[in-house]
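To start, the structure itself, in structure tokens.
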Amino acid sequence: GGGRGGDGGGDRDDRDEERDRLLASFGTSASQLGPEIAELELKQLERFLRATTGSRLGRWIADHVPAWRYRVAADPDLPFKMLMEETVGLGLASFGMITARGTRILQELDLFFCDVAVGATINFILTWLLTPTIQKSASTGPLSRYLASLPANVFAKSSGAHQYSVVHRMNAFLYKGLVFSAYGFAAAVVGTSISYSLLAIRSYAASRSTPTLASKPSAPSPERPQLLQNSIAWAGFMFLSSNPRYQVLAGLERMLFSMGQTPFVKLSCLSLRTLNNVIGGAIWVRYAKWIGLQA
Numbered sequence: 037g038g039g040r041g042g043d044g045g046g047d048r049d050d051r052d053e054e055r056d057r058l059l060a061s062f063g064t065s066a067s068q069l070g071p072e073i074a075e076l077e078l079k080q081l082e083r084f085l086r087a088t089t090g091s092r093l094g095r096w097i098a099d100h101v102p103a104w105r106y107r108v109a110a111d112p113d114l115p116f117k118m119l120m121e122e123t124v125g126l127g128l129a130s131f132g133m134i135t136a137r138g139t140r141i142l143q144e145l146d147l148f149f150c151d152v153a154v155g156a157t158i159n160f161i162l163t164w165l166l167t168p169t170i171q172k173s174a175s176t177g178p179l180s181r182y183l184a185s186l187p188a189n190v191f192a193k194s195s196g197a198h199q200y201s202v203v204h205r206m207n208a209f210l211y212k213g214l215v216f217s218a219y220g221f222a223a224a225v226v227g228t229s230i231s232y233s234l235l236a237i238r239s240y241a242a243s244r245s246t247p248t249l250a251s252k253p254s255a256p257s258p259e260r261p262q263l264l265q266n267s268i269a270w271a272g273f274m275f276l277s278s279n280p281r282y283q284v285l286a287g288l289e290r291m292l293f294s295m296g297q298t299p300f301v302k303l304s305c306l307s308l309r310t311l312n313n314v315i316g317g318a319i320w321v322r323y324a325k326w327i328g329l330q331a
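To convert, take the position in the sequence shown, counting from 1, and add 36; that gives the numbering used here.
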């Protein structure tokens, strides 16, 4: 028995030495990372270090934003996924808005950037909330503890500490849908309110113009939706469309990235997120017409 215990201690010493060498090769140490991250499996730890030290910006974010650091520790592919989501989402949204506004786009840059900012925030939230984390929850109430015990997404991988049943996954789907709805409602309130404010400022500025300028015909401003109606519509869309689409996307990406960050996997991730955004845009158009938000 004592011999086997000594062998186990030797194995642990070897793993600790290997861990120290790995950390030193990336210019960090266990004390800097904290025990939650430093004690990750070596393969996972190396992927985390590569994801957070590849650039100065990545290192700065990991050092100064603990929530980001803990999520990247659980999913080292998060930075790439977030980059693809923002690039594809904003690219397609900008193309759609420029196409819709046509020659008015230069006169409506304020509204355009407002819509882009809201869209970027929503894209971030959708990706962020479905990403697991190794950060321990500080929840104290029974409901808070139960919600914290749910998987980050329906297809999240079970682990030794977290075994997810079908009920857990179903409740996670419903819970994340409600959270998405709340964020969708809030984003629509903020975005629509800012748009109203910008239009009011523009109208006031036009009324203060000289008679010559005021008499010139101008392109009609786009009709903005009613605040409450638009916000409720967005809440419903986030629950009915965004939630299932992004849940399935998370599951597909988990399967893909289990093969490693190969060029094929990265291209597949880009394709999936492009397809998801295109489908989401098409569903929104039909949904908005169905509820009477658009003609």
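Just so you know, even glycine gets a beta-carbon here, dropped at the ideal spot from N, CA and C. Note that this is a predicted model, so its numbers are computed, not measured.
- T310 and Y232 have their C-alpha atoms some 31 angstroms from each other.
- The straight-line gap separating the alpha-carbon atoms of M133 and M291 is approximately 33 angstroms.
- Ranked by Cα distance from F148, the options L85, A236, Q171, I230 are led by I230.
- Here T169 carries a coil assignment [DSSP, helix/strand/coil].
- Rounded to whole angstroms, the Cβ separation of A223 and T157 is 6 angstroms, and the two are in contact under 8 angstroms.
- Within the same chain, N312, I315, G316 come within 7 angstroms of R281 by CB-CB distance, once the 5 residues on both sides are set aside.
- Contact between A74 and A66 is confirmed by a C-beta separation of about 4 angstroms, below the 8 angstroms threshold.
- Exclusion of the five residues before and after P112 leaves R83, F84, A87 as the residues of its chain whose Cβ lies within less than 6 angstroms of its Cβ.
- DSSP places M120 inside the alpha helix (DSSP H), whose first and last residues are 114-137.
- According to the DSSP assignment, A192 belongs to no alpha helix (DSSP H), since it is labelled neither H nor E.
- Taken through DSSP and simplified to helix, strand or coil, Q297 comes out as coil.
- Under the three-state reduction of DSSP output, Q330 falls in the coil class, being neither helix nor strand.
- A straight line joining the alpha-carbon of L303 with that of S130 spans about 22 angstroms.
- For P102, the uninterrupted alpha helix (DSSP H) run begins and ends at 102-110, by DSSP.
- For M206, the uninterrupted alpha helix (DSSP H) run begins and ends at 202-243, by DSSP.
- Taking 8 angstroms as the cut-off, the beta carbon of A208 is found closer than this to the beta carbon of P187.
- Each residue's CA atom was taken as its position, placing T163 and W320 some 19 angstroms apart.
- Counting only residues of its own chain and dropping the five nearest sequence neighbours on each side, M118 has a CB closer than 6 angstroms to the CB of T163.
- Its chain contains T169, Q171 as the residues whose beta carbon lies nearer than 8 angstroms to that of A103, once the 5 sequence neighbours on both sides are disregarded; these appear in chain order.
- Around the beta carbon of T298, fewer than 16 other beta carbons sit within 10 angstroms, so the residue counts as exposed.
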